[in-house]
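Here the structure comes first, spelled out in C-alpha cells, and everything after it is commentary.
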Amino acid sequence: MADTLLSRFLRYVQIDTQSDERSNTCPSTENQWVLQRLLKSELETLGAANVRLTDAGYVIATIPGSRPKAPRLAFFAHVDTAPDFCGTNVKPVVHRNYQGGPIKFADNPRLVLDETVAPELLKARGKDIVTASGATLLGADDKAGVAVLMTLAELLLKGRRGKHGDIRLCFTPDEEIGRGVEKLDLRELDADVAYTLDGGAPGEICWETFSGDAALVEIEGVSTHPGEAGTKGMVSALHLAAKLLCALPREKCAPESTTGRQGFIHPTRVEGGVERAIIKFILRDFDLDGLEQKRVILKGLCRGLQAGTPGARVTCKIRKQYRNMAYWLKKDMRPVERAREAIRAMGLEPNDHPIRGGTDGSRLTENGLPTPNLFTGMHNIHGPLEWVAVQDMELAVKTCAKLAEIWAQKPRR
Ligand SMILES: [Zn+2]
C-alpha cells in the first residue's frame, strides 16, 4: 500500500491548487478543477459508485458497503493548499528510511528541517519522509488527506465488500480561505457522521476548534498634494492604519504571543494609501465570551481612532466565520469515542487535541453533521519546512478503514 500511497501523494502535490481569497468564483482558482477532475477519473477507474464533480467543484463518491443498516459515514479532505507561501512548481523530495539528523533543501541552502523546529522527527526514524525542495510549501495540507482517502477507496473497493456501510468521500475546494463547505449540499451528501482528514501526528483527533470571526476595517482619509498637506488638511488613511496596528495589545492577543487556549486578533492584510486604507483581521477564541472581548477591543480601538481624527471616517465590520465544534460534539461524543477506538486498534495512543484554527468540520458540525478531524501525518504546514511520513499516512488509511468497521457494528443514530 505504501508505494501506491506515495505515488498518489507525489502526483497530487505537483498540481498547484492554492486557493485565493480575492477570487469570487468557486473553486477560487482554476487549478483546483485540475485536481478535482483527476480525482473524479481516478475514483471512476477504482470502481467507486455515484462519482460526481459538482458545479461548485466538489467531488463526491460512494464506496458501497455490505451493511445497509450501518450509519452512513463521510470522509472529507480539501484539495486546495494554503495561499500563505508559494505553492507553484512543488518539487517533492523523498527521504527514504530517514535516519535522523537535519534535512537540507536544494533550492534554499539556508533552510534546515531538524528536531528543533519539528520534534516529531524524533519519531520518524526509519520512515520515508517527503519534503518540498525549499522554494515552496509541500501541500501535505491537505494532499496527505486526499491521498489517504483515495488509498482508502482503493483498499475498500478492491476487497470484497467489507464489513462497513456505504461510505461517502467528499473532496472540497477552498478550505484554506474558509469557504470549504459553503456550497456543499448536505442533503446530497446524506451522511450521519463525518471526519475530515486534515490533522497532524498519528493518533491525533481534534474535536475542539477555535470560534472565528473576520473583521474589515475601512479608513477613509483626505487626500491633498503632500506639499500643501499641512494647510489643506491631509488626513492619511495609511498612517491611521499603521496607528491602529500599533495600538493592538500584542502581548496579550497576537498569534505570535499566545498559545494553548488563548485566542488572538490577527491582522492578515493591509492595503491602501492616503485616501483610503483597509485592514483585514481574523479574531479567534475557543469560547464565545473570549471572542466577544476581542470584538470589543477592536471596535474600541477603531472608535478611539475615529474620535482622535474627526477628518477621517473609520468603520469596522465584523462577520461570523465558524464556531467551536465542541459545543455540539459534547452533546454526543460517539464520533469522538469511536475514532479513539479505531486509533487504539492501530496500536496508537489517541491524542485529543484542541486545534488552534478552524476546519471544514467546524461548519459541518454546526450545520448538523458531526465532523471531528483526524490525523494524516502532516507537519510544519503552510511553509517550506512542511513534511509528512508515508508510513503515517498509511496508518491514517488503516484507521479510517477500522473506523468504518466500528460504526457498522453499532446502531444508526
Ligand atoms: Zn488543511
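Numbers 5 to 417, taken from our numbering, label the letters of the sequence shown in order.
Think of the CB as a built atom: it goes at the ideal place given N, C-alpha and C, for glycine as much as any other residue.
Since this is a predicted model, take the numbers as computed values, not measurements.
In the structure shown, the three-state DSSP call for GLN22 is strand. In the structure shown, the three-state DSSP call for ASN35 is helix.
By a beta-carbon distance limit of 8 Å, TYR199 contacts THR375. Their separation comes to about 6 Å. In the structure shown, the three-state DSSP call for ASP146 is helix. When the five nearest sequence neighbours on each side are left out, the beta carbons in the same chain lying within less than 6 Å of the beta carbon of GLN22 are those of THR85, PRO87 and GLY91, in order along the chain.
A heavy atom of ligand 1 is found nearer than 6 Å to the CB of ASP145.
Residues ILE286, ARG323 and GLN325 of the same chain have their beta carbon placed closer than 6 Å to that of ALA218, with the five preceding and five following residues left out of the count. Each of THR213, TYR62 and ASP289 was checked against the Cα of GLU192, and the nearest Cα belongs to TYR62. Taking 7 Å as the cut-off, the Cβ atoms of VAL17 and GLY163 do not count as close.
VAL98 is classed as exposed because its beta carbon has fewer than 16 other beta carbons within 10 Å across all chains shown. Under the 8 Å Cβ criterion, the region 22-42 does not count as touching the region 121-140, having fewer than three qualifying pairs.
Put simply, the backbone Cα of LEU399 is about 20 Å away from that of ALA122.
Residue pairing of SER215 in beta bridges, as defined by DSSP: ASP289. Going by DSSP, PHE89 is part of no beta strand (DSSP E) at all; its letter is neither H nor E. The continuous alpha helix (DSSP H) containing ILE347 extends over residues 338-349. Closest in C-alpha terms to LEU50, from the list GLN36, ALA60, THR58 and ILE67, comes ILE67. In this structure, PHE268 is the residue among CYS306, PRO230 and PHE268 with its C-alpha nearest to the C-alpha of LEU295. Classified as exposed, CYS250 has fewer than 16 neighbouring CB atoms from the shown chains inside 10 Å of its CB. Beta bridge pairing from DSSP links GLY203 with PHE379.
ASP202 has its CB nearer than 6 Å to a heavy atom of ligand 1.
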